[in-house]
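In my numbering, the protein residues as written are 15 to 599.
Worksheet: the structure to be examined is printed underneath.
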Amino acid sequence: MNKKWIGAVVYCSVFFSAMGLVSCVDDAYDLNKDIDMTITVGGDLSLPGSNTEEITLKKIFDLEDDSNVQPDASGNYVLNQNGDRTTTTVTIDPVVVDGSGIAVDAAHVALGFDYNPALPEMTVAADVETKASFKIEKTDVTKDVVALKSATVDMPLQLVFDFSGNAEALYIDKGLTLSFPDYMTVSCNDSRMEVKDGNKLVFKEGTPIGRNGKLVVEATVTSVDFDALGARGEGLVTPGHLVVSGEMAVNGSAYLNSSEFDNTNHIDLELGADVEIDRMELKEAVAVVDPDINISVDPIRISNLPDFLDDESVTINLTDPRIYLTVTNPTPAAVSFKAYMIPVKDGQEMSGKEVSVGDVEAGDQPVVIPANAEGYVICIHRTSDPAGIDADLTVSVPDLNNLIEKIPDEIRMDKVEASAVQEYCTIVPGSAYTVETDYQISAPLQFNEGSEIVYSDQMDGWNDDVKDIDFKEGEIQLKATNTIPLSLEMTVDAIDANGNVLDGVTAVVEGSIAAGTAGNPAVSDLKIRIVSDSAEALHRLDGLKYRVSAVTTAAVAGQTLNENQTLKLDDVRIKVMGGVTMDLN
């Protein structure tokens, strides 16, 4: 509470008003020479009542510009405190199998060519039907990937054909087809080939293989259906263990030119068909991932509090304090987040006040940050009603007020666990992502029963006005009309010019100011009584040191403090008991 309104109660006291009694002295006399100017006015003295203007809560609080309690656009007071943004890099390791993990079994097929001189044929053909096999296996791929559904891959192939036997050249016939497993798709930029059905390479024309030479066709496996592999016990067998095997079927025909048969009507050859695979790398995959997501969140440090919240006796029971967690999650996986928030005072964790967030205990609500989310706002609040909260996700934590019941120096986010939700998503292995986190406390000053805020201050500078006045007892009476939803109770001590409490002087406040609202103002009677053992003791009076305790009652619980709420003091009456003696010498 600000001393402007407390001063309005006390500063209008009889001690100053009595000074008006000197106005009747005639200037024609020299009163300093022969006349004793000590005057005593006996009996109880009362001055007529007076009123003050309404004093707004804005004037009472008198907040500094940098205070973390400020009014919002509607004038409602809100405690706001921002944390520091933190960043975390999340990587999904590459998935690459090099040649050491690839085994190939080449195909070899015997071809017999029979020439009939009676027929004027230019070529002699033989059927080709064989298979080459391959197996890719690696037991130490990254465990960041725990399941695979499908993937685009970069798996360069060299299809190598050669032959042995007595011929100058063997021709691969147009239409000869190389069929890869159904779970693969292939591409080929060789002008002699065309791709059919996604997984077949077909020769578009007769293509020769020279004696002691080779026919090489370059192609690439571009995708793998790991679901289909799973049905046969392959694919990502367990995290870190990858198996891909299959066959390349060769079907069609090969032929020789008739000129090869000058001295014979039959030629035997052996055709070799090999697949050379240097590596396989997953470029993009539909997968379940579990990378390390080590999110760290800097503490929220609570500072710049106004005086009425910065007393050791302050206890807060807010209706719906809110903590906003803002996360940018550019990863392709949704992230499940859980942590404990712990208040810290004077460097020590406040025992029994930690609050869990996320699915850390039975009954807690999970906190899930979607994939590819930028500036995703999660509001962790106390009530189950999300009305009026501007956030992407609201999470109700009933014991959230534990964190600020006794306002801490900081709130730490501890035991943070963040993990990818175990569901399929599209990933790019080898990528790095920057996850950003930021959080803020936003707590409207909307108090429930059990709240107490405290303000201490003093009013002084009276001594020049009262040092020449002798009296033993004075009293101020007033009516207070209050629309502030706080019940105000005050204690006071009389002090000297050095701020020390005066011995032999008691100051007592009788009554309190009841809490009210704009629609239902509360009217209360209040007395402030100052009593001294002797009239001389008050010569050293310089003012009052006061302490105001403001509490919330059941009748006004849940009302928000607003800068336009007011306190008005009416019928302020000042009374001096036992008379006043003034030394006017």
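For each residue, glycine too, the CB sits at the ideal point set by N, CA and C.
Pick from the options that is closest to residue i, judged by C-alpha positions
i      : options                           : result
Gly361 : Thr397, Pro313 and Val92          : Pro313
Ser317 : Phe75, Gly488, Gly97 and Ala87    : Gly97
Asp556 : Asn514, Ile441, Leu77 and Gly533  : Asn514
Glu368 : Ala146, Val123, Ala140 and Glu424 : Glu424
Asp539 : Glu503, Arg554 and Thr566         : Glu503
Tyr185 : His255, Gly244, Gly266 and Leu215 : Gly266
Leu71  : Glu577, Ile527 and Thr166         : Glu577
Glu363 : Val138, Leu417 and Thr100         : Leu417
Thr567 : Ser501, Glu68 and Met427          : Ser501
Asp479 : Thr497, Tyr469, Asn496 and Ala511 : Ala511
Leu407 : Ala183, Ile394, Glu419 and Asn415 : Ile394
Val142 : Leu190, Asp241 and Tyr469         : Leu190
Asp484 : Glu261, Met473, Leu192 and Ser546 : Ser546
Phe194 : Ser178, Arg206 and Ala233         : Ala233
Asp79  : Ala446, Pro320 and His280         : Pro320
Gly402 : Leu173, Ala161 and Arg336         : Arg336
Ala446 : Pro344, Leu125 and Gly220         : Pro344
Leu125 : Ile490, Ala268, Thr440 and Asp276 : Ala268
Val442 : Leu162, Glu298 and Ala245         : Glu298
Tyr438 : Ser272, Ser237, Glu67 and Asp241  : Asp241
Ser81  : Leu583, Asp324 and Leu256         : Asp324
Ser14  : His255, Gly247 and Ile74          : There is no way to answer for residue 14, as the model of the chain reaches only from 15 to 599.
Ile509 : His553, Gly525 and Ala536         : His553
Within 8 Å, strictly: CB atoms of residue i and residue j
i      : j      : result
Val264 : Ile150 : no
Asp239 : Ser164 : yes
Ile223 : Phe148 : no
Gln379 : Ser410 : yes
Val381 : Met355 : no
Ala120 : Asp282 : no
Thr505 : Arg543 : no
Glu274 : Ala181 : yes
Leu270 : Val138 : yes
Met427 : Val311 : yes
Ile116 : Ile291 : yes
Gly113 : Arg293 : yes
Ala348 : Pro384 : yes
Thr144 : Val123 : yes
Asp482 : Leu558 : no
Ala432 : Phe351 : yes
Gln436 : Val302 : yes
Lys188 : Lys210 : no
Pro6   : Arg396 : This structure leaves residue 6 out entirely; the chain is present only between 15 and 599.
Val230 : Gln172 : yes
Val159 : Leu243 : no
Ala140 : Met262 : no
Ile602 : Lys541 : With the chain covering only 15 through 599, there is no way to say anything about residue 602.
Val537 : Lys493 : yes
Alpha helix (DSSP H) segment containing residue i, residue limits
i      : result
Asp539 : Per DSSP, Asp539 belongs to no alpha helix (DSSP H); it is in the beta strand (DSSP E), Ala536 to Ser546.
Val480 : Asn477 to Val480
Leu243 : Phe240 to Gly244
Lys73  : Leu71 to Phe75
Cβ separation of residue i and residue j, assumed to be a contact under 8 Å, to the nearest whole Å
i      : j      : result
Val104 : Thr156 : Not a contact, Cβ separation roughly 13 Å.
Thr448 : Thr101 : 5 Å
Val167 : Val235 : 6 Å
Val92  : Ala564 : That belief does not hold up - the Cβ atoms of Val92 and Ala564 are roughly 18 Å apart, past 8 Å.
Any non-hydrogen atom of the ligand SAM closer than 7 Å to residue i Cβ
i      : result
Asn576 : Ligands in the displayed structure: none, and consequently the ligand SAM is not present.
Run of the beta strand (DSSP E) containing residue i, from where it starts to where it stops
i      : result
Gln172 : Val159 to Gly179
Thr505 : Ser501 to Ile509
Met262 : His255 to Asn271
Pro222 : Thr221 to Gly224
Tyr447 : Ala446 to Pro458
Ser201 : Met198 to Ser201
Lys218 : Where Lys218 is concerned, there is no enclosing beta strand (DSSP E), given that its DSSP letter is neither H nor E.
Val590 : Thr580 to Met591
Gln379 : Per DSSP, Gln379 belongs to no beta strand (DSSP E) and is neither H nor E.
His395 : Ala387 to His395
Asn277 : No beta strand (DSSP E) holds Asn277; DSSP gives it neither H nor E.
Gln472 : Glu466 to Met473
Phe127 : Ala121 to Asp128
Lys489 : Rather than Lys, the amino acid found at residue 489 in this sequence is Glu. Its beta strand (DSSP E) spans residues Glu487 to Asn496.
Met136 : Run containing Met136: none; DSSP gives neither H nor E here.
Ser410 : Leu407 to Ser410
Residue i at chain D interface by Cβ criterion, 8 Å
i      : result
Val289 : Absent here is chain D; the protein component of the structure consists of one chain.
ask   = If we count Cβ pairs, one from each stretch, closer than 8 Å, do we get three or more for the region 460–480 versus the region 315–330?
value = Under the Cβ criterion (8 Å, minimum of three pairs), the region 460–480 counts as touching the region 315–330.
task = Could you tell me whether the region 526–534 touches the region 562–573, using the rule of 3 or more Cβ pairs below 8 Å?
result = Yes, they touch.
query = Do three or more CB pairs link the region 332–351 to the region 442–461 at distances below 8 Å?
reply = Using a Cβ-Cβ distance cut-off of 8 Å, the region 332–351 and the region 442–461 are in contact, since at least three pairs of beta carbons, one from each stretch, lie closer than that value.
request  = Please determine if the region 151–163 and the region 195–202 are in contact, where contact requires at least 3 C-beta pairs separated by less than 8 Å.
outcome  = The region 195–202 and the region 151–163 do not touch, with fewer than three beta-carbon pairs separated by less than 8 Å.
ask   = Are the region 585–592 and the region 515–523 touching, with three or more C-beta to C-beta distances below 8 Å?
value = No, they do not touch.
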